[in-house]
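J.: Residue numbers (our numbering): 360 to 698.
Quick one: structure below, then a few questions.
Here's what the structure looks like:
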């Protein structure tokens with residue numbers, strides 16, 4: 360029975376395993392099964408160290424000595440997948456599935472390899488086959504949810520991801536993806552809940568903190584957004600987009616023109632050049648110091664006078680008719696009388 364990849368020996372045991380293999384080679388009458396086990400463990404140690412060529416060589420030697428050591432074949436398939444040779448990995452996994460067609464570990468790994476290869480429909484079928492055998496399989500649920508998201512089946516992805524979350528409520532990757540998927544779906548209230556839970560577990564993740572700040576801003580929780588952006592910048596100062604959103608809050612919400620303009624300058628110097636957002640800021644009616652902001656943006660050639668000109672609003676048909684009838688010399692046509 361194939362079991363999950365065993366945690367390999369720590370680095371300091373690698374030399375001991377290599378020595379044992381060397382002694383085995385010098386000894387006579389050494390049982391092949393024991394020799395296969397040594398090579399297998401040696402392969403696991405190399406796998407842990409990401410020494411893929413050496414791991415593959417050790418697994419092949421283990422397989423040559425003991426054809427029933429299916430774990431070595433499985434781990435060799437993993438090496439192939441890790442090194443980008445997904446075709447070889449898939450071929451080996453399919454061979455193992457002939458021996459153990461109900462093995463969900465093999466099926467999950469096959470689904471993963473097929474996803475990497477880009478065979479999405481085949482991968483879907485494999486994950487569905489796993490869930491037929493065990494509807495609560497955490498690996499299948501998680502990977503299936505990501506695959507459905509990739510295929511733009513976002514609602515289906517969310518349903519599957521929530522089912523996975525029930526199985527593993529402390530999983531940080533699930534929390535992160537639930538937050539990002541809900542942002543993608545426009546479910547900002549749910550996104551906030553998962554973002555807050557995730558950033559409590561990983562308060563130094565600047566990307567997720569920035570996403571939390573953006574979501575607070577979208578929901579107009581300005582004080583929380585500002586506090587969160589400051590946390591991001593304390594971790595990573597090279598965040599021009601975060602600097603800009605902080606400047607927006609200072610200039611258009613809090614009313615701190617001096618600090619807001621200083622922060623805006625920091626954002627621009629750091630490389631912020633989103634023209635659409637800059638124009639939105641310049642035209643924001645709530646700016647505490649609109650003349651200074653527009654002068655600054657024009658001075659940096661980020662907006663032009665033409666950009667800031669009021670847009671002409673097209674007249675409605677009724678308004679157009681009224682204006683056409685205003686001049687004194689307008690000709691008003693009467694409907695003809697009945698003869």
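Where is the CB? At the ideal position from N, CA and C, for every residue including glycine.
Going by alpha carbons, who is nearest to residue 464 out of 477, 478, 490, 619?
T.: Your numbering for residue 464 matches position 105 in the chain shown. Among 477, 478, 490, 619, the Cα nearest to that of residue 464 is on 490.
J.: Roughly how far, in whole angstroms, is the beta-carbon of residue 604 from the beta-carbon of residue 576, given that I think they are within contact range, below 8 Å?
T.: Position 245 of the chain shown, counting from 1, holds the residue named residue 604. Position 217 of the chain shown, counting from 1, holds the residue named residue 576. The pair is a contact, with the Cβ atoms about 6 Å apart (cut-off 8 Å).
J.: Secondary structure at residue 628, three-state DSSP: helix, strand or coil?
T.: In the chain shown, counting from the first residue as 1, residue 628 sits at position 269. Note: residue 628 maps to helix in three-state DSSP.
J.: Going by C-alpha to C-alpha distance, which of 445, 468, 446 sits closest to residue 456?
T.: One-based indexing of the chain shown puts residue 456 at position 97. Closest by alpha carbon: 468.
J.: From which residue to which residue does the alpha helix (DSSP H) around residue 596 run?
T.: Taking the first residue of the chain shown as position 1, residue 596 is located at position 237. From DSSP, residue 596 is part of no alpha helix (DSSP H); its letter is neither H nor E.
J.: Can you tell which of 537, 487, 578, 597 has the C-alpha that lies nearest to the C-alpha of residue 565?
T.: Within the chain shown, the letter at position 206 stands for residue 565. Among 537, 487, 578, 597, the Cα nearest to that of residue 565 belongs to 597.
J.: Does the contact criterion of 3 or more C-beta pairs under 8 Å hold for the region 419-426 versus the region 437-452?
T.: At 8 Å Cβ cutoff, the stretches do not touch.
J.: Throw me the rounded Cβ distance for the residue 452 and residue 436 pair, which I believe falls under 8 Å.
T.: Reading the chain shown from its first residue, position 93 is the one you call residue 452. Reading the chain shown from its first residue, position 77 is the one you call residue 436. Going by Cβ atoms, the distance from residue 452 to residue 436 rounds to 5 Å, so yes, they are a contact pair.
J.: Following the continuous alpha helix (DSSP H) through residue 440, name the residue where it begins and the one where it ends.
T.: Taking the first residue of the chain shown as position 1, residue 440 is located at position 81. Run containing residue 440: 429-441, per the alpha helix (DSSP H) assignment.
J.: What's the gap between the Cα of residue 510 and the Cα of residue 444?
T.: For the purposes of this step, residue 510 is taken as the residue at position 151 of the chain shown. For the purposes of this step, residue 444 is taken as the residue at position 85 of the chain shown. Spanning the two alpha carbons is a distance of roughly 24 Å.
J.: Assuming residue 504 and residue 523 form a contact by the criterion Cβ under 8 Å, report the distance between their Cβ atoms to the nearest whole angstrom.
T.: Locating residue 504 in the chain shown gives position 145, where the first residue counts as 1. Locating residue 523 in the chain shown gives position 164, where the first residue counts as 1. Contact flag correct, Cβ pair sits at about 6 Å.
J.: Between residue 591 and the rest of its own chain, which residues show a CB-CB distance below 8 Å, the 5 nearest in sequence each way excluded?
T.: Your numbering for residue 591 matches position 232 in the chain shown. Only 565, 568, 569, 572, 598, 601 meet the Cβ criterion.
J.: Quick check: what's the CA-CA separation for residue 559 versus residue 396?
T.: Working through the chain shown from its first residue, we reach residue 559 at position 200. Working through the chain shown from its first residue, we reach residue 396 at position 37. Distance between the alpha carbons of residue 559 and residue 396: 44 Å.
J.: Can the beta-carbon of residue 501 be found closer than 9 Å to that of residue 532?
T.: The residue given as residue 501 occupies position 142 in the chain shown. The residue given as residue 532 occupies position 173 in the chain shown. Their beta carbons are under 9 Å apart, which means residue 501 touches residue 532 by this criterion.
J.: How far does the alpha helix (DSSP H) with residue 649 in it extend, from its first residue to its last?
T.: Counting from one through the chain shown, the residue named residue 649 turns up at place 290. Unbroken alpha helix (DSSP H) run through residue 649: 649-658.
J.: Looking at the structure shown, is residue 636 part of a helix, part of a strand, or coil, going by DSSP?
T.: By 1-based counting over the chain shown, the position of residue 636 is 277. Helix.
J.: By alpha-carbon positions, which one of 518, 541, 514, 497 ends up nearest to residue 529?
T.: In the chain shown, the residue the question calls residue 529 occupies position 170. It is 497 whose Cα lies nearest to the Cα of residue 529.
J.: If we ignore side chains and look at the alpha-carbon of each, how far apart do residue 552 and residue 538 end up?
T.: Within the chain shown, residue 552 is the residue found at index 193, counting from 1. Within the chain shown, residue 538 is the residue found at index 179, counting from 1. Cα-Cα distance, rounded: 8 Å.
J.: Does the beta-carbon of residue 482 have 16 or more other beta-carbons within 10 angstroms, so that it is buried, or is it exposed?
T.: To locate residue 482, count along the chain shown from 1; it is residue 123. Classification of residue 482: buried, given that the 10 Å Cβ count is 16 or more.
J.: Between which two residues does the alpha helix (DSSP H) containing residue 412 stretch?
T.: As a working mapping, residue 412 is identified with position 53 in the chain shown. Where residue 412 is concerned, the enclosing alpha helix (DSSP H) stretches over 411-424.
J.: List the endpoints of the continuous alpha helix (DSSP H) containing residue 485.
T.: Numbered from its first residue, the chain shown carries residue 485 at position 126. That run of the alpha helix (DSSP H) goes 479-492.
J.: Quick check on residue 582: buried or exposed, where buried means 16 or more other Cβ atoms within 10 Å of its Cβ?
T.: Along the chain shown, read from residue 1 onward, the residue named residue 582 stands at position 223. Exposed, by the Cβ-count rule.
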